[in-house]
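Participant: Numbering (our numbering), first residue to last: 1 to 664. Ideal Cβ positions, reconstructed from N, Cα and C, are used throughout, including at glycine.
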């Protein structure tokens with residue numbers, strides 16, 4: 001059989017370049033809809049039905065799989081194979097992590113005697129889901145079973161070993177690699193020695209049988225077969241070298257035991273699926289990544305990066321892991337790789353998740369790639385047209401890069417256009433949630449950047465008049481504007497007037513908590529800034545009448561609260577001591593600012609709702625990404641087991657087929 005490996009490498013390089021450019025093109029979902037299944041020719045009403053469904057919603061996973069099943073049942077002819085190619089190509093561009101479908105696609109090509117096409121598909125697969133152990137097992141199994149030249153098979157095994165060989169669940173791959181080498185007419189014991197040297201220093205599941213297998217073969221190895229480059233000049237005899245291998249074995253066992261508590265959990269969901277990942281698994285991934293980052297150096301065979309890549313297979317729809325990965329890569333100055341990771345996240349998995357796009361745009365801008373940054377912002381603004389955080393970020397970007405810093409008319413018009421677009425949407429829930437916050441940003445822009453205080457006041461006043469009983473945030477924004485723009489003599493009457501309007505207009509619709517928040521701000525303001533104490537006392541009477549069972553709560557940190565130092569000394573009292581979002585503020589008025597409350601109030605659905613991780617409310621919060629502090633998951637029996645005690649369970653799982661259990 002002809003060795004196509006060199007041709008495949010050339011094709012792979014070309015495809016990799018094409019893929020890089022295609023990732024940028026894929027950001028535009030409208031373009032995707034126009035091209036999906038463009039060459040597919042339905043042969044039945046059922047095929048036509050599912051074809052239209054996936055064209056209208058490319059993220060409809062179940063509709064895709066239904067269409068594939070229908071087409072696969074057709075008798076194989078030129079029309080069927082062309083339809084299969086069309087369906088598989090477009091399906092796998094949307095869901096590239098489905099390793100089993102790559103295998104099925106390659107099997108179809110091979111069944112029609114398109115052997116080169118089957119290899120091309122596997123080459124695409126190991127590029128699309130490089131860190132899946134299963135795809136490498138499928139690829140090498142295909143090559144061995146179809147009797148490809150030994151060197152071609154060995155090259156793929158070698159490439160797989162360097163890519164997924166450190167994966168904790170790679171033992172089945174290593175077994176196949178050893179079996180392949182032992183099956184050769186002339187066994188290359190030098191190659192086998194290198195394989196065992198690698199395995200004995202790699203924490204993987206089902207580890208102990210490899211050491212037993214190594215000892216069974218020990219008489220077949222010469223010293224030259226076993227020595228590593230570091231041992232070449234040591235003049236050690238075979239006994240000493242074997243003693244070193246025994247040390248490696250026990251050191252690796254220790255590392256395996258340290259990882260078992262993590263692997264026991266994350267190993268249950270190692271594959272891609274559209275269903276959400278349970279919180280226990282997500283929490284364990286966070287802790288596992290913490291552990292690896294603390295214990296492994298960044299240049300240790302890229303162990304940290306490979307664990308991130310492995311994590312992103314089941315967790316590909318979770319922005320926090322993509323963002324965390326890019327920040328790790330930035331910390332070790334792998335700037336080009338950061339951009340590639342962002343391209344994958346925004347171009348394939350999180351096309352309509354603004355948080356990742358906004359992080360990506362900031363990264364590009366920080367690298368001086370201003371136009372690329374603008375493109376990312378413009379794209380997500382089109383995908384999620386009423387997403388507050390995106391609008392605000394894009395406005396700030398336009399302000400930073402205005403041709404004339406003294407002429408910000410374009411930014412002014414941008415804010416006005418987006419506010420009008422929001423009102424024109426006629427989506428009452430969206431307007432109620434988003435409009436006040438966008439108006440608040442616009443008013444601050446007018447006051448600070450444009451130096452147009454009267455316009456800023458009017459914008460807020462008009463918004464309050466438009467929604468008089470639904471404007472808690474607008475009132476507080478107007479009050480903050482007055483607090484920061486005028487002297488007490490000028491601003492105090494305006495502020496009192498605003499508070500009076502607020503407590504009158506909000507009483508009909510707002511919750512008791514919201515009403516009390518306004519009252520508390522009002523009371524605190526009069527206590528701090530009104531010279532006549534009787535104003536405060538009179539207001540307190542009104543409050544007690546409104547809330548007979550409640551009492552005013554100061555937004556300031558009490559002196560007694562500050563006496564919490566472990567050594568008994570009094571800690572420094574700081575206006576910033578309260579946690580973000582707790583209701584405190586750096587200003588004495590207690591008015592919350594956007595530094596402690598920034599919420600994005602649109603709900604763009606990238607995929608069906610069961611794909612996107614659930615949030616507490618439909619208007620998910622857009623906050624600065626922060627690592628959640630979690631306690632380690634405790635599983636008393638399993639976590640206390642030693643590695644040897646778990647071997648029986650691991651062996652059972654291994655014998656049951658390990659990875660090929662019908663997953664995606």
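1. Give the straight-line distance between the Cα atoms of residue 603 and residue 77, rounded to the nearest whole angstrom.
2. Please classify residue 103 as buried or exposed, where buried requires at least 16 other C-beta atoms within 10 Å of its C-beta.
3. Run through DSSP, which three-state label would residue 176 get?
4. Do you know how far the Cα of residue 174 is from the Cα of residue 317?
5. With residue 68 and residue 54 assumed to form a contact (beta carbons below 8 Å), what rounded beta-carbon distance in angstroms separates them?
6. Give the secondary structure of residue 362 by DSSP, where H, G and I count as helix, E and B as strand, and everything else as coil.
7. In whole angstroms, give me the CA-to-CA distance for residue 37 and residue 91.
8. Which of the three DSSP states is assigned to residue 473 in this structure?
9. Spatial neighbours of residue 313 within its chain, please: CB distance less than 8 Å, with the 5 preceding and 5 following residues excluded, ordered by chain position.
10. Do the region 279-297 and the region 106-124 meet, that is, are 3 or more Cβ pairs less than 8 Å apart?
11. Buried or exposed, going by whether 16 or more other CB atoms sit within 10 Å of the CB of residue 171?
12. Measuring CA to CA, which of 350, 428, 411, 329 is closest to residue 58?
13. If you draw a straight line from the alpha carbon of residue 405 to that of residue 416, how long is it in whole angstroms?
14. For the putative contact between residue 445 and residue 388, defined by C-beta atoms under 8 Å, what is the C-beta separation to the nearest angstrom?
15. Can you tell me the Cα-Cα spacing of residue 176 and residue 202, whole angstroms?
16. Smallest Cα separation from residue 195: which of 531, 211, 295?
17. State the start and end residues of the unbroken alpha helix (DSSP H) segment that holds residue 431.
18. Around the Cβ of residue 410, are there at least 16 other Cβ atoms within 10 angstroms (buried) or fewer (exposed)?
19. If you draw a straight line from the C-alpha of residue 134 to the C-alpha of residue 99, how long is it?
20. On the criterion of 16 or more Cβ atoms from any shown chain inside 10 Å, does residue 462 qualify as buried, or is it exposed?
21. Tell me the residue span of the alpha helix (DSSP H) that contains residue 380.
22. Three-state secondary structure (DSSP) at residue 483?
23. Give the secondary structure of residue 350 by DSSP, where H, G and I count as helix, E and B as strand, and everything else as coil.
24. Give the secondary structure of residue 51 by DSSP, where H, G and I count as helix, E and B as strand, and everything else as coil.
25. By the three-class DSSP mapping on this structure, what secondary structure does residue 27 have?
26. Would you kindly work out how many angstroms separate the C-alpha atoms of residue 306 and residue 166, rounded to a whole number?
27. Alpha helix (DSSP H) containing residue 144: first to last residue?
28. To the nearest angstrom, report how far apart residue 107 and residue 225 are at their CA atoms.
29. How big is the Cα-Cα spacing for residue 284 and residue 145?
30. Go to residue 454, then tell me how far its alpha helix (DSSP H) extends in each direction, as first and last residue.
31. Going by other Cβ atoms of all chains shown within 10 Å of its Cβ, with 16 needed for buried, is residue 511 buried or exposed?
32. Does DSSP classify residue 270 as helix, strand or coil?
33. Quick one: grab the DSSP three-state call for residue 148.
34. Using alpha carbons as the reference points, say which of 459, 237, 455, 72 lies closest to residue 101.
35. Say whether chain E places a C-beta atom closer than 9 Å to the C-beta of residue 279.
36. Do the region 154-164 and the region 251-262 make contact, defined as three or more Cβ pairs closer than 8 Å?
Facilitator: In terms of the structure at hand:
1. Mapped onto the chain shown, residue 603 falls at position 603. Mapped onto the chain shown, residue 77 falls at position 77. Below a pLDDT of 50, predicted positions are generally treated as unreliable, and residue 603, at 35, falls in that range; the measurement from the model is reported next regardless. Their Cα atoms are separated by approximately 45 Å.
2. If you number the chain shown from 1, residue 103 lands on position 103. Looking at its Cβ environment, which holds 16 or more other Cβ atoms inside 10 Å, residue 103 is buried.
3. For the purposes of this step, residue 176 is taken as residue 176 along the chain shown, with counting starting at 1. In this structure, residue 176 counts as helix in the three-state DSSP scheme.
4. Against the chain shown, residue 317 aligns to sequence position 317. Against the chain shown, residue 174 aligns to sequence position 174. Answer to the nearest angstrom: the Cα atoms are 30 Å apart.
5. Walking along the chain shown from the start, residue 68 turns up at place 68. Walking along the chain shown from the start, residue 54 turns up at place 54. About 10 Å separates the two Cβ atoms, so there is no contact after all.
6. On the chain shown, residue 362 is found 362 positions in, with the first residue counted as 1. It is helical.
7. One-based indexing of the chain shown puts residue 37 at position 37. One-based indexing of the chain shown puts residue 91 at position 91. Rounded to the nearest angstrom, the two C-alpha atoms are 9 Å apart.
8. Taking the chain shown and counting its residues from 1, one reaches residue 473 at position 473. Helix, per DSSP.
9. Taking the chain shown and counting its residues from 1, one reaches residue 313 at position 313. If we look at residue 313 and ignore the five residues flanking it on each side, its Cβ neighbours are 97, 129, 131, 132, 270, 271, 272.
10. no
11. Within the chain shown, residue 171 is the residue found at index 171, counting from 1. Per the 10 Å Cβ criterion, buried.
12. For the purposes of this step, residue 58 is taken as the residue at position 58 of the chain shown. Ranking the options by Cα distance to residue 58, first place goes to 350.
13. Within the chain shown, numbered from 1, the residue matching residue 405 stands at position 405. Within the chain shown, numbered from 1, the residue matching residue 416 stands at position 416. Residue 405 and residue 416: Cα-Cα distance of roughly 19 Å.
14. Looking up residue 445 in the chain shown gives position 445. Looking up residue 388 in the chain shown gives position 388. Incorrect: roughly 14 Å between the Cβ atoms, too far for contact.
15. Here residue 176 refers to the residue found at position 176 when the chain shown is read from its first residue. Here residue 202 refers to the residue found at position 202 when the chain shown is read from its first residue. Their backbone Cα atoms lie some 16 Å apart in a straight line.
16. Sequence index remark: in the chain shown, residue 195 carries index 195 (1-based). Residue 195 has its Cα closest to that of 211, out of 531, 211, 295.
17. Locating residue 431 in the chain shown gives position 431, counting from the first residue. First-last of the alpha helix (DSSP H) with residue 431: 428-444.
18. The sequence position of residue 410 within the chain shown is 410, counting from 1. It is exposed - the Cβ of residue 410 has fewer than 16 other Cβ atoms within 10 Å.
19. Residue mapping note: residue 134 aligns to position 134 of the chain shown, counting from 1. Residue mapping note: residue 99 aligns to position 99 of the chain shown, counting from 1. If you take the alpha carbons of residue 134 and residue 99, they lie about 7 Å apart.
20. Here residue 462 corresponds to residue number 462 of the chain shown, with the count starting at 1. The residue in question, residue 462, is exposed, as its Cβ has fewer than 16 Cβ neighbours within 10 Å.
21. Within the chain shown, the letter at position 380 stands for residue 380. That run of the alpha helix (DSSP H) goes 370-383.
22. Within the chain shown, residue 483 is the residue found at index 483, counting from 1. Note: residue 483 maps to helix in three-state DSSP.
23. Here residue 350 refers to the residue found at position 350 when the chain shown is read from its first residue. Residue 350: coil per DSSP, three-state reduction.
24. Residue 51 sits at position 51 when you count from the first residue of the chain shown. Looking at residue 51 - three-state DSSP - the assignment turns out to be helix.
25. Translated into the one-based positions of the chain shown, residue 27 becomes position 27. Low per-residue confidence applies at residue 27: pLDDT is 43, beneath 50, and the placement is therefore not dependable enough to give any value.
26. Counting from 1 along the chain shown, the entry for residue 306 is found at position 306. Counting from 1 along the chain shown, the entry for residue 166 is found at position 166. About 8 Å.
27. For the purposes of this step, residue 144 is taken as residue 144 along the chain shown, with counting starting at 1. Run containing residue 144: 133-145, per the alpha helix (DSSP H) assignment.
28. Residue numbering aside, residue 107 sits at position 107 when the chain shown is read from its first letter. Residue numbering aside, residue 225 sits at position 225 when the chain shown is read from its first letter. Rounded to whole angstroms, residue 107 to residue 225 spans 38 Å at the Cα level.
29. What you label residue 284 is simply residue 284 of the chain shown in a count that begins at 1. What you label residue 145 is simply residue 145 of the chain shown in a count that begins at 1. So the alpha carbons of these two residues sit roughly 38 Å apart.
30. Along the chain shown, one-based indexing puts residue 454 at 454. Here the alpha helix (DSSP H) through residue 454 covers 453-466.
31. To locate residue 511, count along the chain shown from 1; it is residue 511. Its Cβ having fewer than 16 others within 10 Å, residue 511 is exposed.
32. On the chain shown, residue 270 is found 270 positions in, with the first residue counted as 1. Reduced to three states, the DSSP call for residue 270 is coil.
33. Here residue 148 corresponds to residue number 148 of the chain shown, with the count starting at 1. Coil.
34. Residue mapping note: residue 101 aligns to position 101 of the chain shown, counting from 1. Comparing Cα positions, the closest option is 72.
35. Here there is only one protein chain, and chain E is not present.
36. no
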